[in-house]
Amino acid sequence: MVTILTLWILTWYTNSTNVNRASSNSNPSTIAPEVETDTEVVMLFPNNPSESENLTMCEILRATENFSEANIIDCGSYSLVYKATLANGSKLAIKKLLGDFDTTKSNLKAAVEAVSKYQHENLVSLQGYCVYNGSWLLIHPFMENGSLDFWLHEKAGGASQLDWPTRLKIAKGASCGLAYIQQTSTKPQPVLLNFKSSKILLNENFEPRLSDLGLSQLVLANESAEFATEHFSSTNSDVPANDMHGLVSTLREDVYSFGVVILELLTGKRPVEVYEPKMSRELVNWVRQMKSQEKEDQVFDPLLRGKGFEDQMLQVLDLACMCVHQNVLVRPTIGEIVDKLKNVGTMSQ
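Under mature numbering (1 follows the signal peptide of the UniProt record, and there is no 0), read the sequence shown as residues -16 to -1, 1 to 333, first letter to last.
Encoded structure:
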C-alpha cells in the first residue's frame, strides 16, 4: 500500500512539474533573460512616426508577445506578419521573412534602404528594419482593416459593408499607388510582384495602401531570376501564362492584374471560383461571356444593385474589360486608368 501511494505521489509530482514547465515555455509574454536587457535599436527611417522612435528589439518582442502565433495577421510564401502593440498603445506590423535570406548580403540592406525612399499616400511605407536571430524583420505601419481580399471574400458580412462609393474609392487609390510604382523617377525602380487584392491593405477609413513593396525588392535581391520568375509566375494564376516575360512583370501585365481586382470589386467574386466536384470558373472569362450576351448588369454584386450607381459601375466595368483585354497592346496605360477613374462619379449620372 505504501509503495502504491509513493508511486502515485511521484507520478503526480512529475506530471505537475511538466505541466508547469510547458505552461511557462508556452507563455508568449515570457522573454529570454538575455533579451530582457537587449537595447539594440532597430534601424528606423526618417518617415517613421515619432511614437516608434528608438524602437528596440526587446520592445518588438514584448509588442508581439515573443512572436506569438496569436498575433499573426498574415502569412505568405516568404513572410509572416505580426501585429505589434507597443506600450503606448500604438500598433505596428512586423514582417518576419522566411527562408534563406542571407543576412550578410550588402545588396539586401541596400534594397531595404531603397524601399524606404518610396513615399506615396497609397503605399504601405517601410519604416524600419532589423536582423534578429538570423531573420530579417521589416517594420510597417499597421493597417487597421486588413486586406481587400479579406473584406470581399473572407470576412463574414464584410462585402456588405463595402458600398459602391467605398469600392470606387479603393479602386481610385489603388490605381494611384500602382501609377506611382510604374512612373516614379526614384531609383532603383520599385517593383511589386504578383499584384492582387490581398496586397491592397485598408486603413481605418478604408483608404487603400499597396503592400509588399519591400518584400518584392528583397526577393529580387536575394533570389535567382529563374527561381523568382518560376515562383511568382506559377502563383499568379490570374495573369495569362504567355504574358510572363521574365522576372519583373511588364507594365501591361500589372494593368491586367489591376483589371482583375476591379472585377472583384464589381462582382464580389474571387478571380477563380471553385465548385464541387472539382469544377472552377475564371472570373475574367465569365465576365467576357456575360458581356457577349449583353448581360452586363447581371455581373454586378447583388449587394450593389438598385442603389443608383449602375451608370458608374458600367463605366468601371468597361474599363476593367479593357484592362484584361487579350490583346496586350489594347490595354490602357496605368495613367489612362487613373484619369478614367477620376472622372467616374464627377459628372451627373
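We treat Cβ as the ideally placed atom computed from N, Cα and C, and that holds for glycine.
It should be emphasised that the depicted structure is a prediction, and the values quoted were computed from it without experimental measurement.
Its Cα nearest to that of residue 41, the residue 113 stands out among 153, 133, 319, 113. Looking at the DSSP output, residue 309 shares a beta bridge with no other residue. According to the DSSP assignment, residue 153 belongs to no beta strand (DSSP E) but to the alpha helix (DSSP H) extending over 148 to 167. Per DSSP, the unbroken beta strand (DSSP E) holding residue 116 starts and ends at 112 to 116. When secondary structure is reduced to three states using DSSP, residue 251 falls in the helix class. At least 7 angstroms separates the beta-carbon of residue 252 from that of residue 308.
Judged by DSSP in its simplified three-state form, residue 259 adopts strand. In the DSSP assignment, residue 120 falls within the unbroken beta strand (DSSP E) covering 119 to 125. Sequence-distant partners of residue 83 (beyond 5 residues in either direction) whose C-beta falls short of 7 angstroms from its own C-beta, in its chain, are 62. The shortest CA-to-CA distance from residue 69 to any of 127, 131, 287 is the one to 127. Nearest C-alpha to residue 269 among 287, 254, 260, 174: 254. Per DSSP, residue 58 is one residue of the beta strand (DSSP E) stretching across 56 to 59.
Where residue 65 is concerned, the enclosing beta strand (DSSP E) starts and stops at 63 to 69. With a threshold of 16 other beta carbon atoms within 10 Å, residue 314 falls short and is exposed.
By the CB criterion at 7 angstroms, residue 107 and residue 177 fall outside the cutoff. Annotated three-state conformation of residue 140 is coil, per DSSP.
Taking C-beta atoms as the reference points, residue 192 and residue 158 count as a pair closer than 7 angstroms. A Cβ-Cβ distance of about 19 angstroms is found for the pair residue 81 and residue 131, leaving them out of contact under the 8 angstroms criterion. The three-state reading of DSSP puts residue 79 in strand, counting E and B together. Here residue 236 has 312, 315 as same chain residues with Cβ atoms under 6 angstroms from its own Cβ, once five neighbours each way along the sequence are excluded.
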